[in-house]
Structures are given as structure tokens and as C-alpha cells.
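Letter by letter, the sequence shown follows residues 148 to 674 in my numbering. C-beta atoms are modelled at their ideal positions from N, C-alpha and C, and glycine is treated no differently. Note that this is a predicted model, so its numbers are computed, not measured. Read the structure below first, then the notes.
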Amino acid sequence: MQALLSVSDKTGVLDFARELHHLGIKLLSTGGTAKLLADAGLPVVEVADHTGFPEMLDGRVKTLHPTIHGGLLARRDVPEHMAALTTHGIATIDLLVVNLYPFEATVAKAGCTLEDAIENIDIGGPAMVRSAAKNWKDVAVLTDASQYAGVLAELKASKAVSTATKFALSVAAFNRISNYDAAISDYLSSLQLGADGGHTRSEFPAQSNARFVKLQDLRYGENPHQSAAFYRDLHPAPGSLVTATQLQGKELSYNNIADADAAWECVKSFDTPACVIVKHANPCGVAIGAHAAEAYGKAFKTDSTSAFGGIIAFNTEVDAAAAALVAKQFVEVLIAPGFSAEALAVFAGKPNTRVLQIALPKGGATAWDQGRNLQDVKRVGSGLLIQTADNRELDVSELKVVSAKQPTPAELTDLLFAWKVAKYVKSNAIVFCGGGMTLGVGAGQMSRIDSARIASIKAENAGLTLQGSAVASDAFFPFRDGLDVVVDAGATAVIQPGGSMRDDEVIAAANERGIVMVLTGVRHFRH
Numbered sequence: 148m149q150a151l152l153s154v155s156d157k158t159g160v161l162d163f164a165r166e167l168h169h170l171g172i173k174l175l176s177t178g179g180t181a182k183l184l185a186d187a188g189l190p191v192v193e194v195a196d197h198t199g200f201p202e203m204l205d206g207r208v209k210t211l212h213p214t215i216h217g218g219l220l221a222r223r224d225v226p227e228h229m230a231a232l233t234t235h236g237i238a239t240i241d242l243l244v245v246n247l248y249p250f251e252a253t254v255a256k257a258g259c260t261l262e263d264a265i266e267n268i269d270i271g272g273p274a275m276v277r278s279a280a281k282n283w284k285d286v287a288v289l290t291d292a293s294q295y296a297g298v299l300a301e302l303k304a305s306k307a308v309s310t311a312t313k314f315a316l317s318v319a320a321f322n323r324i325s326n327y328d329a330a331i332s333d334y335l336s337s338l339q340l341g342a343d344g345g346h347t348r349s350e351f352p353a354q355s356n357a358r359f360v361k362l363q364d365l366r367y368g369e370n371p372h373q374s375a376a377f378y379r380d381l382h383p384a385p386g387s388l389v390t391a392t393q394l395q396g397k398e399l400s401y402n403n404i405a406d407a408d409a410a411w412e413c414v415k416s417f418d419t420p421a422c423v424i425v426k427h428a429n430p431c432g433v434a435i436g437a438h439a440a441e442a443y444g445k446a447f448k449t450d451s452t453s454a455f456g457g458i459i460a461f462n463t464e465v466d467a468a469a470a471a472l473v474a475k476q477f478v479e480v481l482i483a484p485g486f487s488a489e490a491l492a493v494f495a496g497k498p499n500t501r502v503l504q505i506a507l508p509k510g511g512a513t514a515w516d517q518g519r520n521l522q523d524v525k526r527v528g529s530g531l532l533i534q535t536a537d538n539r540e541l542d543v544s545e546l547k548v549v550s551a552k553q554p555t556p557a558e559l560t561d562l563l564f565a566w567k568v569a570k571y572v573k574s575n576a577i578v579f580c581g582g583g584m585t586l587g588v589g590a591g592q593m594s595r596i597d598s599a600r601i602a603s604i605k606a607e608n609a610g611l612t613l614q615g616s617a618v619a620s621d622a623f624f625p626f627r628d629g630l631d632v633v634v635d636a637g638a639t640a641v642i643q644p645g646g647s648m649r650d651d652e653v654i655a656a657a658n659e660r661g662i663v664m665v666l667t668g669v670r671h672f673r674h
């Protein structure tokens, strides 16, 4: 057997090559990899000596040669192929170990030039990988160091790599080439060259090449007649939903995952212990507290009816006290960065409850942003809408008080809390809050005034008073009627983006009713 090793990332390759040598496999290599092996005392033949043709063009051409590709592509079960190799003195290559120039890492660096990017586009590596992967029945192709141990184990056990493993390696190789080419396309098609040779880069390339890895097939989609699967980014951010570890419970459904993401993204926006309860993609209860149990108790009060069978997320460890409260209800999914041993013991008695743990990113709560998507994507008929994600955070200095009445410190705190929650409620969104908890949530109505009415009705049904509450509206009030509804319900302070043609009328109405009105200048539609 003969192996060709040519790697940019040399992690583990020396130990791998040493084991191959001990198994009697001949070593063929290029450039820096060949030097690494030779310096370690391993017998290795450089590709230039093997092909009889020197590397040239600063290494751009070294493996693009019939001696290499003939050895990779020849089918051992086709006599004519083997005869051609004999005629031209070409030896077969049975094992290919290649990882590619670090294009993705290069273009991710600040200040990367177009020249740097171009020089890190691998040509010979992908060509060899494709040849070996195409001829997978005869050639094992390794494109990542994580594959070394498994292949070595098979070689030691049976002197060969199994057909199943070679096929899996081939699929992984083609996936790697696909991802590599897509990264090049993404980068180059995002550039616009200027007359001076400089370039600017757009966050929306001329061609979008999405790459995702399947995590699991799902029983069905939103409805039983729809099929579905769950995928993750190639390089998921720490603290994101796809990094969750399921500690117990049934498999997650499509709707579970969608609602869990809504709950997790909302609860991450709070710096103090918080709990979010989501039902059908909307928060039906959100609260902060001194600890997880208090936050849950307050969130549950908002709408205990809707909380039945909901998705619950905490941004702090769930202890025994919180677990005892949560376990009293039917919960589909429970999410937190950690669970005490006592809490897990409580949920062990609820085997159908899906318990997910998502590790807090390094850096603590200030690192939550690492788990946020940079872009949102929505499918339309034969097309795709791509936008930057709504990660806009509001600073107190941006607020503009437009009413004659100024907010008290307590009102300002309630307004900011309500504003955070409204960002995660489907439009049109109206959210009543007070004392660090939601009091009434109106979501997804075609009319903002209907959302306001629904929010106040829900609060009344829950036995919660809205007197002295703060209200957030995700977009401006087009008329004063929506404002009058929330004030009639008991609100004394309102936060909204502003920007309506009738802002003056709405502000005048706020002054007439004697309430606080604060404008953010930021809209948070969520469709």
C-alpha cells in the first residue's frame, strides 16, 4: 500500500504517518509535510521525485500530474486501467491524507487582502481529494485529523479500510470540498473592486451558499403531514440552541425546537436571573427575580393557562426550589445553562419533559451575544429573504421623553423591561409590564388596537392589575385609539419607536391623559 500525505494543518499527521510506516505502508508527501516526516526519521518520497517533475510557480503546481491522479483514479477492478498504469510506470495510491489551505481562516482575519485570499485558494488539494473520493472503492481519503484514529484501528485490525468507512470518508471529502468552494464563492462574490485596485466587501454576496449539517430527522414538521429535519451551522456559536445537550425526555419536535429558540433568545437578553415561558412562538410570561424560582413564579402568573405545555427557559441555573415549582405543571421543554443535581432528580420523575442544557459561553453573561445569529433567513416562493438579525440593543441614552411628564426611576425600569420583551413578541405587539414581570401580552394581531385589547383582557383573566403599569409597543401608534386603550386599562407609561405621521396627535393624547411617553427611534417588527 502507498499513502500520499499533503496537509496544511499538520495536527496529528506525524503520529499518523509513523503508524502507517509501522504497518508497512509506503509514504509519499509534499513540501512541508515531507520535511516534517523526514526530520522525524521516517522514510518518505517527495512528490517531485515520484513524478519526475519539480514543484513550480511557488508551489502552485506540484501534484497536478498524471502520476498522482492516475494512481488515485485507476479502478483496480478494470484490467484496462491497471494495464495503463503498468505501461506508464504509475503506482497506485491507496490512502490520501489532505487538508486544504486555510482559506476560511485567512479571510476571517481583520485586514485580509484580496492577494492573501487568492493565495490561500487551494488547487491541487481539492483536485486530489475529488479524484480519491470519486474512486472511493479503492482509495481511502482523509480530510480531517479526527478521522485518523478510526482508519488506523481498521488498518491494524484487518490490514485494510472497510468499504463502509471508505464510502463515509468519500462523502465527508465531497462535503469538505463543497464547503471550501462555497466559502471562496461567498467571499469573492461579496467584493467590489475599485479603479485603484482596492476593494470593498458587502455583507450580502452576489451568491449565497448556505451550508448546514444535519443533526437529526424529526418525526414530522409543524403538522403530521409535513416531513422535517434539524440542521446546524457548520461552525455553531457557543451558547446557541444547536449546542444544547439533552439531559432527558423524548426527542424534540419541529415545533419544540422553534419555540425553544424563541424562549432561549428572549431569556438571553436579561442580565439578572430571568424566566421566559413561550407558547406558539410568543412569550406568554416573562419575569426577572432574585433567583430562578422567583423569576418562574412571576412569569407563570402572567398567563398560567397558556403556560400549560409551554417551553420554559432560564438564563441561570435551575435549583431544587425552581424545579419543584416547574414540575407542578406540564412542560414540553425546559432550557437552562445548568441544573443542580437536586433539580435533575425532580425532573427524573417527569421522564417526558425534555430537559436541555446550553453551556454559558466563556465570559459569562456578557458573552451571550456569541450565540446570536448574524443573519435571519426566510424562504419565499423560489427565493430567499436574507437580513441582518435584529440584535439591536437599546441604550438609556437613546431614549427621548416626549411627554410633559417625566418617568420615575421605577417607571423607566419597567419601560426598559417591557421593551426587551416586546422585541420577541410577534407583531403587532403590545406588552404590559410592572415589577419585573409581564402583566399582559397581545401578539400577532392585524390591528395594534386589537393587540392592546387582548393584552388587557389577558391581564384581567389572570387577575393582574394594570394600574401603574408600563406598556411597550413594537412599532408606532398610528392613531391615538391604541394609546387610549392601554391608558384606560391602567398604564401610566408607554415606550414606542415613534415615527408616525400622527406622532404629534399621539404625544398630545399622552399629555392629555397625563402619562409618560418615551420614544426609542427603533422598531422591532417580528414576523
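| query | For N429, which residues does DSSP report across the bridge? | reply | The sequence position of residue 429 within the sequence shown is 282, counting from 1. N429 pairs with K426.
Alpha-carbon to alpha-carbon, T180 and R673:
Translated into positions along the sequence shown, residue 673 becomes position 526. Translated into positions along the sequence shown, residue 180 becomes position 33. Roughly 52 Å separates the two Cα atoms.
Q.
With three or more beta-carbon pairs closer than 8 Å as the criterion, would you say the stretch 311-318 touches the stretch 344-362?
A. no
Any chance you could list the beta strand (DSSP E) runs of at least 3 consecutive residues sitting entirely within the stretch 570-646, in chain order? 577-581, 584-589, 616-620 and 638-643
Would you call N499 buried or exposed, if buried means 16 or more other Cβ atoms sit within 10 Å of its Cβ?
Locating residue 499 in the sequence shown gives position 352, where the first residue counts as 1. Its Cβ having fewer than 16 others within 10 Å, N499 is exposed.
- prompt: Cα separation between Q643 and A622?
  reply: Position 496 of the sequence shown, counted from the first residue, corresponds to residue 643. Position 475 of the sequence shown, counted from the first residue, corresponds to residue 622. Going by the C-alpha atoms only, they are around 6 Å apart.
Determine which residues share a DSSP beta bridge with N246 and list them. Position 99 of the sequence shown, counted from the start, is the residue given in the question as residue 246. Answer by DSSP bridge pairing, in chain order: V154.
- Query: In terms of residue numbering, what span does the alpha helix (DSSP H) encompassing G345 cover?
  - Reply: Within the sequence shown, residue 345 is the residue found at index 198, counting from 1. Note, G345: premise wrong, no alpha helix (DSSP H); not H, not E.
* Asked: My guess is that A474 and K445 are in contact by the Cβ rule of under 8 Å, so how many angstroms apart are they, rounded?
  -> For the purposes of this step, residue 474 is identified with residue 327 of the sequence shown, where counting begins at 1. For the purposes of this step, residue 445 is identified with residue 298 of the sequence shown, where counting begins at 1. The pair is not a contact, with the Cβ atoms about 18 Å apart (cut-off 8 Å).
**Study point:** Beta-ladder partner(s) of A287, from DSSP
**Key:** As a first step, residue 287 must be located in the sequence shown, where it is residue number 140. DSSP, once it has assigned bridges, lists L242 as partnering A287.
**Report entry** Bounding residues of the beta strand (DSSP E) (the contiguous stretch that carries Y378)
**Finding:** The residue you call residue 378 lines up with position 231 of the sequence shown. Note, Y378: beta strand (DSSP E), A375 to D380.
Between V632 and the rest of its own chain, which residues show a CB-CB distance below 8 Å, the 5 nearest in sequence each way excluded?
For the purposes of this step, residue 632 is taken as residue 485 along the sequence shown, with counting starting at 1. Excluding positions up to five away in sequence, the list reads I596, A599, R600 and S603.
- prompt: With distances taken between CB atoms, is the gap from S453 to K426 smaller than 8 Å?
  reply: As a first step, residue 453 must be located in the sequence shown, where it is residue number 306. As a first step, residue 426 must be located in the sequence shown, where it is residue number 279. Cβ atoms of S453 and K426: closer than 8 Å.
### Query
Quick one: what's got a C-beta closer than 7 Å to H671's C-beta in the same chain, skipping five residues either side?
Start at 1 with the first residue of the sequence shown, and residue 671 comes out as number 524. The answer, listed in chain order, is D537, A569, K570 and D621.
I need the straight-line Cα distance from S550 to K567, nearest angstrom please. By one-based count along the sequence shown, residue 550 stands at place 403. By one-based count along the sequence shown, residue 567 stands at place 420. The alpha-carbon atoms of S550 and K567 are separated by roughly 21 Å.
Check: Which residues in the same chain as A280 place their Cβ atom closer than 6 Å to its Cβ, once the five residues preceding and following it in sequence are excluded?
Finding: Position 133 of the sequence shown holds residue 280. Cβ neighbours of A280 beyond the five flanking positions: V288, S317, A320 and F321.
**Message:** Is it buried or exposed, E540, if we count other Cβ atoms within 10 angstroms and call 16 or more buried?
**Reply:** For the purposes of this step, residue 540 is taken as residue 393 along the sequence shown, with counting starting at 1. By the 10 Å Cβ count, E540 comes out exposed.
Query raised in the report: Touch check for the stretch 582-590 and the stretch 429-438: three-plus C-beta pairs under 8 Å?
Result: yes
### Query
Contact check, A471 vs V493 under 8 Å by CB: the rounded distance?
The residue given as residue 471 occupies position 324 in the sequence shown. The residue given as residue 493 occupies position 346 in the sequence shown. With a Cβ gap of about 6 Å, A471 and V493 count as contacting.
Q.
For G581, count the other beta carbons within 10 Å of its own beta carbon; 16 or more makes it buried, fewer makes it exposed. Which is it?
A. Residue numbering aside, residue 581 sits at position 434 when the sequence shown is read from its first letter. It counts as buried.
Practice problem: Note down the Cα distance separating S155 from V245, rounded to an integer number of angstroms. | Solution: Taking the sequence shown and counting its residues from 1, one reaches residue 155 at position 8. Taking the sequence shown and counting its residues from 1, one reaches residue 245 at position 98. Cα-Cα distance, rounded: 8 Å.
### Task
Quick one: residues in its chain with C-beta nearer than 6 Å to the C-beta of S647, no 5 flanking neighbours on either side, listed in chain order?
Taking the sequence shown and counting its residues from 1, one reaches residue 647 at position 500. F623 and P625.
Q: Whole angstroms is fine: what's the gap from H382's alpha carbon to A490's?
A: Stepping through the sequence shown from its first residue, residue 382 is reached at position 235. Stepping through the sequence shown from its first residue, residue 490 is reached at position 343. Cα-Cα distance, rounded: 31 Å.
### Message
Assess contact between the stretch 186-201 and the stretch 211-229, defined as three or more Cβ pairs (one per stretch) separated by less than 8 Å. Is contact present?
### Response
yes
By how many angstroms is the C-alpha of A407 removed from the C-alpha of D628? In the sequence shown, counting from the first residue as 1, residue 628 sits at position 481. In the sequence shown, counting from the first residue as 1, residue 407 sits at position 260. One C-alpha to the other measures close to 35 Å.
In the DSSP assignment, find the unbroken alpha helix (DSSP H) run with L472 in it and report its ends.
Here the question's residue 472 lines up with position 325 in the sequence shown. Looking at the DSSP string, the run of the alpha helix (DSSP H) that includes L472 is A467 to V473.
If you follow the alpha helix (DSSP H) that K445 is in, where does it begin and where does it stop? For the purposes of this step, residue 445 is taken as residue 298 along the sequence shown, with counting starting at 1. Per DSSP, K445 belongs to the alpha helix (DSSP H) from A439 to T449.
- Is it the case that the Cβ atoms of L613 and G637 are separated by a distance below 8 Å? One-based indexing of the sequence shown puts residue 613 at position 466. One-based indexing of the sequence shown puts residue 637 at position 490. Closer than 8 Å, so yes.
- Query: Can you tell which of K448, T449, L338 and E479 has the C-alpha that lies nearest to the C-alpha of I458?
  - Reply: Reading the sequence shown from its first residue, position 311 is the one you call residue 458. Ranking K448, T449, L338 and E479 by Cα distance to I458 puts E479 first.
> Roughly how many angstroms separate the alpha carbons of D241 and S337, rounded to a whole number?
Replying inline: Translated into the one-based positions of the sequence shown, residue 241 becomes position 94. Translated into the one-based positions of the sequence shown, residue 337 becomes position 190. Computed Cα separation, rounded: 39 Å.
Exercise. Which class does S176 belong to by DSSP, given the choice of helix, strand or coil?
Worked result: Within the sequence shown, the letter at position 29 stands for residue 176. S176: strand per DSSP, three-state reduction.
task = Take T310 as the anchor and find which of D466, L362 and N282 has the nearest alpha-carbon.
result = Within the sequence shown, the letter at position 163 stands for residue 310. Nearest option by C-alpha distance: N282.
So, at 7 Å on beta carbons, what are the nonlocal neighbours of Y327 in its own chain, with the 5 sequence-adjacent residues on each side left out? Taking the first residue of the sequence shown as position 1, residue 327 is located at position 180. So the list reads L247, F250 and P273, once near-sequence residues are dropped.
Using a Cβ-Cβ distance under 8 Å, would P352 count as near chain B?
The structure shown has no chain B; it contains just one protein chain.
Three or more C-beta pairs closer than 8 Å, one from the stretch 222-233 and one from the stretch 149-168: is that the case here? no
If I follow the unbroken alpha helix (DSSP H) through F314, where does it start and stop? By 1-based counting over the sequence shown, the position of residue 314 is 167. It spans T310 to L335 - the alpha helix (DSSP H) in which F314 sits, taken as one unbroken run.
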